[in-house]
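Chemist: Protein chains in written order, with the numbering used here: chain A, 24 to 266; chain B, 82 to 335.
The beta carbon of each residue, even a glycine, is placed where N, CA and C say it ideally should be.
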Amino acid sequence: MSAIETKNLTKRYKDKCAVDELNLSVNEGELFALLGVNGAGKTTTIRMLSCLSEPDKGECFVGGHSCARESGRVKRLIGVSPQETAVAENLTARENLELMCGIYGLSKEETKRRISEMTELFGLDEAKGRAKTLSGGWKRKLSIAMALIASPKVLFLDEPTLGLDVLARRELWKVIKSLKGKITVILTTHYMEEAEQLSDRIAIMIEGKIAAHGTLAEIETLTGEKGLENAFVKIAEGGKTHE
Amino acid sequence: MNRVIAFSRRNFMEIMRDPLSYIFCLGFPLVMLIIMTLVNESIPAEAGMVIFRIDNLSGGIAVFGLTFIMLFTGLSVAKDRAGAFLVRLYTTPMRSCDFIMGYIAPVMVIALAQVLITFAASFAISVITGIKLSAAGLGASMLALVPTAVMMIGLGLLFGSLFGEKAAPGLCSIVISLASFLGGVWFDPDGTGGILLKICKALPFYHSVHAARLAASLNFKDFWGHLGITAAWAVVITIAAVLVFKAKMKSETC
């Protein structure tokens, strides 16, 4: 069974079609990257898959459950780290994690265990003080830890390294790589190198449609270009289209 | 229930960790209580002006203090809506009723603590000034202020849901001024009569202040009418706030 499936998924905002008849299937345990220029429809797709937005047409499924009809069940399967760092600014890292545990109804023992696991995975012991005093990199780590705290089956990472310096980005990559195979990760990014380094498969979105998808090697073969950036530019400039 | 407790706890900590909460929610009403008591001491007895006497002042200041609870509720909802934090929570199993209860419960606790502190200070002033103020009356007045607290929190939720983090506090400030003035905290509307009194009576604040004052003096003759009107306003405003919050939540997730 696919972890994620979309069938003719469409979302319009007034005259603009943000996502246009999107058909996508992501396997369990896969790290799948959604690439595209600004306004390509990546965030809108993630919003629909995470029950934040309803499609105008088509359907999407997470873990076999419909996002529209079974949003309660879907919300129990997913973790979302939004584009902006969505943390409670006046709480400490630990208190933010405790908040998420409470919201997902984790028991005391489970809360203790998961917080300890997340603290170790992200090195959050070093994140002292309230969230508002943390650097961008630490806030981003905390945001992802909050998305992972309830052991989701699917993790959505919307531009997780946007605005981070190269060291913070590399550190976050390590953590994301460590999740590969354990849970399904959907990653949106502008950074080609990030998608190359982390993804099992890549989809390139242009104007709400999937213009190309596959492994890096498959996309290179399809476009006849070496490297994801060259392949992406060729596709974005009106080259190959394939779904 | 877990979700409500977790979200309430977060909101409570967010408010309590903001130094402005102490200044406006606790400090300002206490300062006004002391200043107005000093003003009252300066008014000659033959003027017959008793509006700032502690038995009248305590209920008025308690209502005035609760208007700041409205401001903090509005600010906390508007701030959350402005950032991505609420968006994250919308992707969790939290339902709209969990959000609403989570916002209301902690500010209710702060509101009751604020009234308690205001009345404790009023009692101390009454002992110093020799004006009789009974503990039983203050207890009754505290209970009588529950609908006012609900109404103010509802107004805060309504403004926070409808407006952004810049507009919501501004609008709340207008209501704070109107509530204290038209509620009769700083002057006696019954003494002026006319259109002003009609306006005061048409709004809930006058009735809130009167219910609190009458309960404090253990005079229940006209008390129930004022309490009933305040409670009715509280119900209407809270229902409106809940409906608006739900509608906003739906529109922000579509």
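#1: Classify residue 127/B as helix, strand or coil using the three-state DSSP reduction.
#2: Here's the rule I'm using: 16 or more other beta-carbon atoms within 10 Å means buried, otherwise exposed. How should residue 161/B be labelled?
#3: Any C-beta of chain B sitting closer than 7 Å to the C-beta of residue 116/A?
#4: Using the C-alpha atoms, what's the distance from residue 183/A back to residue 258/A?
#5: Kindly list the residues whose CB is nearer than 7 Å to the CB of residue 130/B, restricted to its own chain and excluding five residues on each side of it in sequence; keep chain order.
#6: Name the two residues that bound the continuous beta strand (DSSP E) containing residue 84/A.
#7: Any contact between the region 46 to 63 of chain A and the region 204 to 219 of chain A? By contact I mean 3 or more CB pairs, one from each, below 8 Å.
#8: Would residue 100/A pass as a contact of residue 81/A if the rule is Cβ separation under 7 Å?
#9: Determine which residues of the region 120 to 154 of chain B have a Cβ less than 9 Å from any Cβ of chain A, and write them out in chain order.
#10: How would you list, in chain order, the residues of chain A whose beta-carbon sits under 9 Å from the beta-carbon of residue 294/B?
#11: Closer than 7 Å, CB to CB, is residue 87/B near chain A or not?
#12: Between which residues of its own chain and residue 186/B is the CB-CB distance below 6 Å, once the five residues before and five after are set aside?
#13: Considering only DSSP beta bridges, list what residue 29/A is partnered with.
#14: Are the region 231 to 248 of chain A and the region 188 to 198 of chain A in contact at 8 Å, needing three or more beta carbon pairs?
#15: Identify every residue that forms a DSSP beta bridge with residue 36/A.
#16: Should residue 129/A be labelled buried (16 or more other beta-carbon atoms within 10 Å of its own) or exposed?
#17: Since residue 232/A sits in a beta bridge, which residues does DSSP pair it with?
#18: Quick check on DSSP: helix, strand or coil for residue 192/B?
#19: Quick one: using the 10 Å Cβ neighbour count with 16 as the cut-off for buried, is residue 266/A buried or exposed?
#20: Closest to residue 105/A by CA distance: which of 114/A, 113/A and 73/A is it?
#21: Counting C-beta neighbours from all protein chains within 10 Å, is the total for residue 203/B 16 or more, i.e. buried, or is it exposed?
#22: Check the Cβ-Cβ distances between residue 93/B and every residue of chain A, and say whether any is below 7 Å.
#23: Taking Cβ-Cβ distances shorter than 8 Å, what residues in chain B pair up with residue 99/A?
#24: List the residues that DSSP assigns as beta-bridge partners of residue 104/A.
#25: Relative to the C-alpha of residue 95/B, which residue among 246/A, 219/A, 118/A and 244/A is closest?
#26: Enumerate in chain order the residues of its own chain whose CB-to-CB distance from residue 228/B is below 6 Å, with the five nearest sequence positions on each side excluded.
#27: Determine the DSSP secondary structure at residue 263/A, reduced to helix, strand or coil.
#28: Measuring CB to CB, does residue 98/B end up less than 7 Å from residue 179/B?
#29: Report, in whole angstroms, the separation of the C-beta atoms of residue 245/B and residue 163/B, which I expect to be a contact under 8 Å.
#30: For residue 93/B, which residues in the same chain have their Cβ closer than 6 Å to its Cβ, ignoring the five residues on either side in sequence?
#31: Does any residue of chain B bring its CB to less than 7 Å from the CB of residue 109/A?
#32: At which residues does the alpha helix (DSSP H) containing residue 208/A begin and terminate?
#33: Kindly say whether residue 184/B, judged by its beta-carbon, lies nearer than 7 Å to any beta-carbon of chain A.
#34: With burial defined as no fewer than 16 other Cβ atoms inside 10 Å of the residue's Cβ, what is the status of residue 36/A: buried or exposed?
#35: Classify residue 254/B as buried or exposed, calling it buried when 16 or more other Cβ atoms lie within 10 Å of its own Cβ.
#36: Based on Cα-Cα distance, which residue from 106/B, 264/B and 285/B lies nearest to residue 189/B?
Modeler: So, from the data block:
#1: Within the second sequence, residue 127/B is the residue found at index 46, counting from 1. Helix, per DSSP.
#2: Here residue 161/B corresponds to residue number 80 of the second sequence, with the count starting at 1. Residue 161/B comes out buried.
#3: Working through the first sequence from its first residue, we reach residue 116/A at position 93. False, the Cβ-Cβ gap to chain B never drops below 7 Å.
#4: Position 235 of the first sequence, counting from 1, holds the residue named residue 258/A. Position 160 of the first sequence, counting from 1, holds the residue named residue 183/A. Those two C-alpha atoms are separated by around 24 Å.
#5: The residue given as residue 130/B occupies position 49 in the second sequence. Correct list, in chain order: 124.
#6: As a position in the first sequence, residue 84/A is number 61, starting the count at 1. Run containing residue 84/A: 80 to 85, per the beta strand (DSSP E) assignment.
#7: The region 46 to 63 of chain A vs the region 204 to 219 of chain A: in contact.
#8: As a working note, residue 100/A is residue 77 in the first sequence. As a working note, residue 81/A is residue 58 in the first sequence. Their beta carbons are not under 7 Å apart, which means residue 100/A does not touch residue 81/A by this criterion.
#9: So nothing in the stretch comes that close.
#10: Counting from 1 along the second sequence, the entry for residue 294/B is found at position 213. Correct list: empty, because the minimum Cβ distance to chain A is about 37 Å.
#11: Here residue 87/B refers to the residue found at position 6 of the second sequence. Yes, its Cβ sits closer than 7 Å to a Cβ of chain A.
#12: Locating residue 186/B in the second sequence gives position 105, counting from the first residue. Cβ within range, chain order: 89.
#13: Counted from its first residue, the first sequence places residue 29/A at position 6. 47/A and 83/A.
#14: Segments in contact, no.
#15: Numbered from 1 along the first sequence, position 13 holds the residue referred to as residue 36/A. 39/A.
#16: Your numbering for residue 129/A matches position 106 in the first sequence. When all chains shown are included, residue 129/A counts as buried.
#17: Taking the first residue of the first sequence as position 1, residue 232/A is located at position 209. When DSSP reads this structure, residue 232/A sits in a beta bridge with 229/A.
#18: Here residue 192/B refers to the residue found at position 111 of the second sequence. In this structure, DSSP gives residue 192/B a helical state, which the three-state scheme calls helix.
#19: What you label residue 266/A is simply residue 243 of the first sequence in a count that begins at 1. Per-residue confidence for residue 266/A stands at a pLDDT of 43, beneath the threshold of 50, marking its modelled position as unreliable; no derived number is given.
#20: To locate residue 105/A, count along the first sequence from 1; it is residue 82. The residue with the shortest Cα to Cα distance from residue 105/A is 73/A.
#21: Here the question's residue 203/B lines up with position 122 in the second sequence. Residue 203/B sits buried, since 16 or more C-beta atoms from the chains shown fall within 10 Å of its C-beta.
#22: Looking up residue 93/B in the second sequence gives position 12. No, because no Cβ of chain A sits closer than 7 Å to the Cβ of residue 93/B.
#23: Here residue 99/A corresponds to residue number 76 of the first sequence, with the count starting at 1. In chain order, 174 make up the part of chain B whose C-beta sits under 8 Å from the C-beta of residue 99/A.
#24: For the purposes of this step, residue 104/A is taken as the residue at position 81 of the first sequence. Residue 104/A is bridged to 180/A.
#25: For this step, residue 95/B is matched to residue 14 along the second sequence. When the alpha-carbon of residue 95/B is set against those of 246/A, 219/A, 118/A and 244/A, the nearest one is in 118/A.
#26: Taking the second sequence and counting its residues from 1, one reaches residue 228/B at position 147. These residues qualify, in order along the chain: 311, 312 and 315.
#27: In the first sequence, the residue the question calls residue 263/A occupies position 240. Any reading at residue 263/A is ruled out, since the residue's pLDDT is 47, under 50, leaving its predicted position unreliable.
#28: As a first step, residue 98/B is located in the second sequence; it is residue number 17 there, counting from the start. As a first step, residue 179/B is located in the second sequence; it is residue number 98 there, counting from the start. The answer is no: Cβ separation not under 7 Å.
#29: The count along the second sequence starts at 1 and reaches residue 245/B at position 164. The count along the second sequence starts at 1 and reaches residue 163/B at position 82. Confirmed, about 6 Å.
#30: Taking the second sequence and counting its residues from 1, one reaches residue 93/B at position 12. Excluding its 5 nearest sequence neighbours in each direction, residue 93/B has C-beta neighbours in its own chain below 6 Å: 187, listed in chain order.
#31: Against the first sequence, residue 109/A aligns to sequence position 86. Closer than 7 Å: yes.
#32: In the first sequence, the residue the question calls residue 208/A occupies position 185. For residue 208/A, there is no enclosing alpha helix (DSSP H); the residue is part of the beta strand (DSSP E) that begins and ends at 207 to 212.
#33: Taking the first residue of the second sequence as position 1, residue 184/B is located at position 103. At a cut-off of 7 Å between C-beta atoms, residue 184/B does not count as an interface residue with respect to chain A.
#34: If you number the first sequence from 1, residue 36/A lands on position 13. Around the beta carbon of residue 36/A, fewer than 16 other beta carbons lie within 10 angstroms, which makes this residue exposed.
#35: Counting from one through the second sequence, the residue named residue 254/B turns up at place 173. With fewer than 16 other Cβ atoms within 10 Å, it is exposed.
#36: As a first step, residue 189/B is located in the second sequence; it is residue number 108 there, counting from the start. The option with the nearest alpha carbon to residue 189/B is 106/B.
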